[in-house]
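Worksheet for the structure shown next.
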Amino acid sequence: MMRMARKLLQLRTDETIMIGDTMSTDILGAGSMGFTTVLTLSGVTKESDLDEFGYTPDFIIKSVNDLLDEDLFAQVLSITKEEKLQAF
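Here it is, written out as structure tokens:
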């Protein structure tokens, strides 16, 4: 479904950002496709749950409202696949 949405929007993988609240579906699925991932802690996954997963999102925010912060939003938009690989 995520890949189909990306194609429908005519985006490249490196242009696609997934914002989700569930590590086991939203973040895992988007991360496995190479999308930039943003976990919001305002939903299913809580900060205390993060140690249970063998992968991490590119960004963690408390709420989607945090994306109104211009500096954070610029960081999310500017991350590249190469930068993500260097982080690991």
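Residue numbers (our numbering): 2 to 89. Heads up, the beta-carbon is just placed ideally off N, CA and C, and yes, glycines get one too.
- The beta carbons of phenylalanine 54 and methionine 24 sit about 5 Å from each other, so the pair counts as a contact at 8 Å.
- Under DSSP, the beta-bridge partners assigned to isoleucine 61 are Leu40.
- Contact between threonine 38 and proline 58 holds: their C-beta atoms lie close to 4 Å from each other, under 8 Å.
- Going by DSSP, glycine 32 is part of the alpha helix (DSSP H) stretching over 29 to 33.
- Counting along the chain, the unbroken beta strand (DSSP E) around methionine 19 starts and ends at 18 to 21.
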